[in-house]
Amino acid sequence: MTVTVLDLREIMHEVFQGSLGLGLEVAPDASEHSASAPVVAGGVHITGAWQAAVVITLDRALALQATGLMLQELPEDVTDEDLHDGIGELTNVVGGT
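Quick note: the sequence shown uses this note's numbering, first residue 1, plus one each step.
Listed below in structure tokens is the structure:
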């Protein structure tokens with residue numbers, strides 16, 4: 001089984017648009033992100049026919065918005081614990097798709 005970066009980008013778009021109703025622009029290179037902007041990251045290791053690690057890094061504001069949508073809360077009401085759980089769940093969904 002071969003999974004490409006393009007496959008993962010497509011999955012990201014499907015998860016964010018289909019599940020959350022959010023448009024998503026995937027940066028072609030993580031170095032394009034502003035070093036001064038806070039980020040939230042999640043990772044999952046995949047074993048089996050395909051062995052890899054999927055790491056998702058989101059701007060903190062987007063991570064708060066996505067988590068808020070998942071929890072049906074306003075982004076400003078999302079706690080750090082909720083945010084941790086939210087990015088973990090998004091990473092699991094992308095990695096498991």
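Backbone N, C-alpha and C define an ideal beta-carbon position, used for all residues, glycine too.
Being a predicted model, the structure only gives us computed values, none of them experimental.
- Sixteen is the threshold: when 16 or more other Cβ atoms of the shown chains lie within 10 Å of the Cβ of L58, as they do, the residue is buried.
- The DSSP-derived three-state label of T57 is strand.
- Here DSSP, grouped into helix, strand and coil, assigns V3 to coil.
- For V94, the uninterrupted alpha helix (DSSP H) run begins and ends at 80–96, by DSSP.
- Each of L24, V54, A66, G68 was checked against the Cα of V44, and the nearest Cα belongs to V54.
- Spatial neighbours of A37 in its own chain (CB-CB distance under 7 Å, excluding positions within 5 residues in sequence) are listed in chain order as D59.
- Annotation for V40: the continuous beta strand (DSSP E) segment containing it runs 39–46.
- A straight line joining the alpha-carbon of L22 with that of H13 spans about 9 Å.
- In this structure, the alpha-carbon of G42 lies about 16 Å from that of Q65.
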